[in-house]
Structure formats: C-alpha cells, structure tokens
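>
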Amino acid sequence: MKALFDGGLWPYLLVIFAGFLPTDVWRWLAVIFARRLDEESELMVFARAVATALVAGVIMRLVLLPTGDLVAVPLAIRVGAVAGGFLVYFLARRSLLVGALAGEAIMIAGAYLTAG
Amino acid sequence: MSESPAGSDPASSPDPASRGGGHWYARGLFAGVTSVQGAVLFASYVGFGGLCAGVGFPTGAAIFSSLLVLALPSQLLLVGGYVAGNGAPVIALAVLLSAARLLPAVVTLLPYLRGRGRLFVQLFAAHFVAVSIWVEARRHLPPLPVEARLPFYFGMATIFNGGCVAATVIGFLLAGRLPQALAIGLTFLTPISFLLALTRNSRDLVDYLSLALGLALAPIFAAVGGRLDLLWTGLAGGAAAWAIHRLRKRAA
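Chains A and B, in that order, give the protein sequences. Position one of the first sequence corresponds to residue 0 (numbering that gives the first Met the number 0), numbered consecutively onward. Position one of the second sequence corresponds to residue 0 (numbering that gives the first Met the number 0), numbered consecutively onward.
Printed below as a string of structure tokens:
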C-alpha cells in the first residue's frame with residue numbers, strides 16, 4: 000500500500016488535472032454540442048474525416064519521430080515493419096491479426112539485429 | 000412446426016428488443032474479451048506499465064491514470080512531461096491538444112449511445128470513448144437493435160477499462176525482465192494495429208482519403224507545424240478529404 004503513494008499525492012493530482020480533465024473535456028464537449036447531430040449529416044462525415052486523419056497522423060509520427068525504445072531502431076526498419084504489416088494484411092485477406100503479427104516480426108527481428 | 004427461428008439462432012431472434020439489458024451487457028463483455036483490438040490495447044498498456052516503471056513514474060499513479068484517463072497518448076504525454084519536469088499547465092496543454100481527436104470520435108459514436116436521452120448517461124458513456132473502443136463500437140453497434148447498443152457498449156467499456164488497469168499492473172511486474180527487442184516490439188504494437196484497424200474500418204472514399212492524407216501530411220506538418228502539428232494534420236487532412244468527397248458528390 001505504501002508503494003502506491005510513492006512521490007506523495009502530487010502524481011495523483013497531476014493525473015486528475017493534467018491527464019483526466021484535459022482529455023475528458025473533449026468527450027463532454029462532444030456530448031453537449033453533438034446531442035442532436037445525425038450520423039449521416041455532412042458535419043458527421045467531416046468529424047469522422049478529421050478523427051481519422053488525426054489518428055493516421057499519430058501513427059506516422061510514432062513511426063517517423065519516435066520517442067523511447069523505438070529510437071534505437073533505424074528508420075528503414077520502422078518503415079519496413081509498417082509497410083510489411085500493411086502488405087501482409089491485404090495478402091491475408093484483410094486479417095488484422097496476421098498483418099499486425101507480420102509487422103511485429105519484422106520490427107522485433109530488426110530490433111534484435113540492430114538495437115538488441 | 001418443429002423449427003423456430005428464435006430457437007435455432009439467438010442472434011436472429013425475431014424480437015431482439017425483448018431481451019433485457021443484462022443480456023446485451025454480457026454480449027458486450029464477450030465482444031470485449033474476444034476483441035483483437037482489445038488484446039492489442041492491453042499489450043500496449045503492458046508496454047505503458049513497463050515504461051512507467053522504467054522512468055520512475057509512481058506505480059499507483061500510473062494505474063490510476065489507466066483507470067481514469069483511458070487514452071494512451073494522453074497518458075504517455077502525462078508521464079513524459081512528469082519525467083521531463085514540465086509544470087502541470089504545460090502537460091495539461093499537451094494533453095488537451097492531443098485529446099482533441101476524441102471530440103470527433105465521440106461525436107460519431109453518439110448516435111449509437113443515445114439510450115433514453117439522459118445527458119448524465121451520455122456523459123458517462125462518452126468518458127470511455129478512446130480510439131480502440133471507437134473502432135470496435137463502430138463495427139459492433141450499428142447492426143444491433145437500438146435498445147441493445149448502450150448496454151452492449153458498457154459491457155465492452157468494462158472489459159476495456161478493467162483490462163487496461165490490469166495490463167498496466169502486469170507491465171510493472173514485467174518491467175526489466177523483457178529483452179530489449181521484445182520491449183521494442185511492444186512499443187510498436189500501437190502504431191501497426193491502429194493503422195490496420197483504420198484501414199479495416201474504412202468504408203467510403205472519404206475514409207480512405209482522410210487516412211492517406213493524415214499519413215502523408217504528418218511528416219510535413221511535423222517539420223513546419225510547430226507544436227500544433229498533429230492538429231494541423233488532422234484538420235487539413237480531414238478537411239481536404241471531406242472537400243474531395245463533397246466535390247465528387249456534387250458532380251455525381
């Protein structure tokens with residue numbers, strides 16, 4: 000129990016005020032402003048497009064400009080693992096599991112050979 | 000008449016609305032447990048737990064963040080900022096900017112989470128929206144009867160939230176015991192799985208366009224967009240995809 004409060008209460012307050020609130024404010028704003036919006040309306044199509052582009056941007060950023068462990072892996076292997084996973088996904092008739100496993104295999108092998 | 004359609008296949012029961020919320024909650028639990036996206040999410044949270052252990056973020060606060068924040072990018076920014084010694088306002092702004100992507104995600108799910116229209120229930124449901132559950136809910140909820148969607152969703156949310164908390168704990172327990180190549184593989188799970196899930200979930204031209212434009216614009220805005228590059232990528236890529244979709248629709 001004592002380990003749970005290592006560092007005092009500050010990290011917990013940080014989680015609430017710098018993690019939970021700035022994240023949930025978007026979730027709540029969405030409910031307040033979008034309660035009467037129709038799924039097929041053009042605004043919804045626009046919102047979906049922005050959400051998709053944002054997540055795609057996060058993916059590209061993680062691969063091209065990584066932080067933490069991925070930094071140790073050369074760019075060519077990071078891009079190759081994404082491209083390989085993508086290719087195998089389609090070859091395996093759109094199987095997410097098989098595609099992800101293929102990308103992982105390339106990444107782990109590459110990391111083992113270059114960074115491990 | 001020995002064959003009854005209801006008896007032969009529960010999924011095609013002639014009156015699914017008559018089933019109770021508990022049934023659909025249990026179906027949602029099952030969908031959460033069997034979700035590939037969920038399994039990948041839990042693996043990512045094992046990685047998050049390991050990261051927190053490695054950089055000295057307190058165990059309890061890391062678990063608390065998985066319970067309460069439920070958005071991996073927000074949690075990574077939080078921990079990264081804490082370790083870098085950034086002040087709370089700086090961390091909060093970074094999290095605020097990165098979490099903007101949740102607004103359209105919640106907006107697009109809301110039509111399926113209306114329930115009986117109570118604001119409190121919708122706010123509570125919206126709290127659990129993150130990219131992974133968004134992906135699964137957009138696949139599972141539309142075919143369900145209207146009354147079934149909210150309990151089904153809360154079933155999935157229970158598994159996703161509880162699983163993330165458990166995975167964070169497991170990450171702490173595993174920390175330092177994984178070889179580096181496997182730890183790197185764990186870090187890579189989030190990008191590869193999100194990319195494939197977005198591709199699988201694309202239905203129309205606008206989905207494929209926004210996916211492709213987001214991927215293509217990210218490095219450009221990362222170079223010239225300053226600290227708001229991710230927002231620019233989402234807004235420019237999404238707006239361009241939507242504009243092309245509108246032009247084609249008008250031409251048709």
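We put the CB at the ideal spot given by N, CA and C, even for glycine. Owing to the predicted nature of the structure, the values given are computational and were not obtained by experimental measurement.
(1) What residues in its chain sit with their C-beta under 7 Å from that of B:Y207, if we drop five residues either side in the sequence?
(2) Report the neighbours of B:L194 on chain A: residues whose CB is nearer than 8 Å to its CB, in chain order.
(3) Excluding five sequence neighbours on each side, which residues of the same chain lie with their C-beta closer than 8 Å to the C-beta of A:A71?
(4) On the three-state DSSP scale, how would you describe A:R92?
(5) Go to B:R202, then tell me how far its alpha helix (DSSP H) extends in each direction, as first and last residue.
(6) Between which two residues does the alpha helix (DSSP H) holding B:L253 run?
(7) Note down, one range per segment and in chain order, each alpha helix (DSSP H) of at least 4 residues found wholly within the stretch 10-65 of chain B.
(8) Would the beta-carbon of B:L50 fall within 8 Å of that of B:V78?
(9) Using three-state DSSP, classify A:L74 as helix, strand or coil.
(10) Looking at the secondary structure, which residues open and close the alpha helix (DSSP H) in which B:A242 lies?
(11) With C-beta atoms as the reference, is A:V49 less than 8 Å away from B:G233?
(12) Is A:R93 close to chain B? Criterion is C-beta to C-beta, closer than 8 Å.
(13) Taking only three categories from DSSP, how would you classify A:M106?
(14) Please confirm if B:S131 has its CB atom under 8 Å from at least one CB of chain A.
(15) I want to know whether the stretch 118-127 of chain B touches the stretch 19-30 of chain A - three or more CB-CB distances under 8 Å.
(16) Would you verify that the beta carbon of B:R138 is, or is not, closer than 8 Å to some beta carbon of chain A?
(17) Can you give me the start and stop residues for the alpha helix (DSSP H) that B:S97 sits inside?
(18) Drop a sphere of 10 angstroms on the beta-carbon of B:Q36, count the other beta-carbons inside from all chains shown, and report buried for 16 or more, exposed for fewer.
(19) With a cut-off of 8 Å on the beta carbons, I'd call B:F29 and B:C163 a contact; round off their distance for me.
(20) Step through the CB atoms of chain B and report whether any lies within less than 8 Å of the CB of A:P73.
(21) Residues of the stretch 61-73 of chain B with a CB closer than 7 Å to any CB of chain A: list them in chain order, please.
(22) Should A:P10 be labelled buried (16 or more other beta-carbon atoms within 10 Å of its own) or exposed?
(23) How long is the line joining the alpha carbons of B:L197 and B:I158, rounded to whole angstroms?
(24) Checking contacts by CB at 8 Å: is A:G56 closer than that to chain E?
(25) To the nearest angstrom, report how far apart A:G79 and A:V87 are at their CA atoms.
(26) I'd like to check one pair, A:G56 with B:L195: are the Cβ atoms closer than 8 Å?
(27) Helix, strand or coil: how does DSSP classify A:R47 here?
(28) Quick check on A:V49 - is its C-beta less than 8 Å from some C-beta in chain B?
(29) So which residues of chain A does B:R247 contact, with C-beta pairs closer than 8 Å?
(30) According to the Cβ coordinates, are B:G154 and B:A25 closer than 8 Å?
(31) Applying the criterion that 16 or more other CB atoms from any shown protein chain within 10 Å of the CB defines a buried residue, is B:Q179 buried or exposed?
(32) With respect to the alpha helix (DSSP H) encompassing A:D23, which residues constitute its N-terminal and C-terminal limits?
(33) Leaving aside the five residues before and after B:G27 along the sequence, list all residues of the same chain whose C-beta is less than 7 Å from its C-beta, in chain order.
Reading from the atomic positions:
(1) As a working mapping, residue 207 of chain B is identified with position 208 in the second sequence. Counting only Cβ-Cβ distances below 7 Å, and skipping sequence neighbours, we find S201.
(2) Taking the first residue of the second sequence as 1, we reach residue 194 of chain B at position 195. Within 8 Å Cβ-Cβ: A55, I58, V81, G84 and F85.
(3) For the purposes of this step, residue 71 of chain A is identified with residue 72 of the first sequence, where counting begins at 1. So the list reads A110, T113 and A114, once near-sequence residues are dropped.
(4) Position 93 of the first sequence, counted from the first residue, corresponds to residue 92 of chain A. Correct three-state label for A:R92: coil.
(5) Counting from 1 along the second sequence, the entry for residue 202 of chain B is found at position 203. No alpha helix (DSSP H) contains B:R202, which DSSP labels as neither H nor E.
(6) Absent from the structure is residue 253 of chain B, since the part of chain B shown begins at 0 and ends at 251.
(7) 20-32 and 35-54
(8) By one-based count along the second sequence, residue 50 of chain B stands at place 51. By one-based count along the second sequence, residue 78 of chain B stands at place 79. Against a cut-off of 8 Å, the Cβ pair of B:V78 and B:L50 comes out as a contact.
(9) For this step, residue 74 of chain A is matched to residue 75 along the first sequence. Helix at A:L74.
(10) Position 243 of the second sequence holds residue 242 of chain B. Segment D228 to A250, the alpha helix (DSSP H) holding B:A242.
(11) As a position in the first sequence, residue 49 of chain A is number 50, starting the count at 1. As a position in the second sequence, residue 233 of chain B is number 234, starting the count at 1. In this structure, B:G233 lies closer than 8 Å to A:V49 by Cβ.
(12) Position 94 of the first sequence, counting from 1, holds the residue named residue 93 of chain A. So, interface residue.
(13) Counting from 1 along the first sequence, the entry for residue 106 of chain A is found at position 107. A:M106 falls in the helix class under three-state DSSP.
(14) Counted from its first residue, the second sequence places residue 131 of chain B at position 132. Closer than 8 Å: no.
(15) yes
(16) Taking the first residue of the second sequence as position 1, residue 138 of chain B is located at position 139. So no, B:R138 is outside the interface.
(17) Start at 1 with the first residue of the second sequence, and residue 97 of chain B comes out as number 98. A87 to A98 is the span of the alpha helix (DSSP H), which, as asked, contains B:S97.
(18) Indexing the second sequence from 1 puts residue 36 of chain B at position 37. Per the 10 Å Cβ criterion, buried.
(19) By 1-based counting over the second sequence, the position of residue 29 of chain B is 30. By 1-based counting over the second sequence, the position of residue 163 of chain B is 164. That pair is no contact at about 18 Å.
(20) Taking the first residue of the first sequence as 1, we reach residue 73 of chain A at position 74. So no, A:P73 is outside the interface.
(21) F63, S64, L67, V68, A70, P72 and S73
(22) Taking the first residue of the first sequence as 1, we reach residue 10 of chain A at position 11. Flag for A:P10 reads buried.
(23) Residue numbering aside, residue 197 of chain B sits at position 198 when the second sequence is read from its first letter. Residue numbering aside, residue 158 of chain B sits at position 159 when the second sequence is read from its first letter. Whole-angstrom Cα-Cα distance: 21 Å.
(24) Of the protein chains in the structure, A and B, none is chain E.
(25) Your numbering for residue 79 of chain A matches position 80 in the first sequence. Your numbering for residue 87 of chain A matches position 88 in the first sequence. In a straight line, the C-alpha of A:G79 is about 12 Å away from that of A:V87.
(26) Taking the first residue of the second sequence as 1, we reach residue 195 of chain B at position 196. Taking the first residue of the first sequence as 1, we reach residue 56 of chain A at position 57. No, Cβ-Cβ distance for B:L195 and A:G56 is not below 8 Å.
(27) If you number the first sequence from 1, residue 47 of chain A lands on position 48. In this structure, A:R47 counts as helix in the three-state DSSP scheme.
(28) Here residue 49 of chain A refers to the residue found at position 50 when the first sequence is read from its first residue. Yes - at least one Cβ of chain B is within 8 Å of the one on A:V49.
(29) Walking along the second sequence from the start, residue 247 of chain B turns up at place 248. Within chain A, no residue comes near B:R247; the closest Cβ sits about 12 Å away, beyond 8 Å.
(30) By 1-based counting over the second sequence, the position of residue 154 of chain B is 155. By 1-based counting over the second sequence, the position of residue 25 of chain B is 26. Cβ atoms of B:G154 and B:A25: closer than 8 Å.
(31) For the purposes of this step, residue 179 of chain B is taken as the residue at position 180 of the second sequence. With fewer than 16 Cβ atoms within 10 Å of its Cβ, B:Q179 is classed as exposed.
(32) Indexing the first sequence from 1 puts residue 23 of chain A at position 24. Note, A:D23: alpha helix (DSSP H), L20 to A33.
(33) Position 28 of the second sequence, counted from the first residue, corresponds to residue 27 of chain B. Result list for B:G27: P150, F151, Y152, F153, G154 and M155, in chain order.
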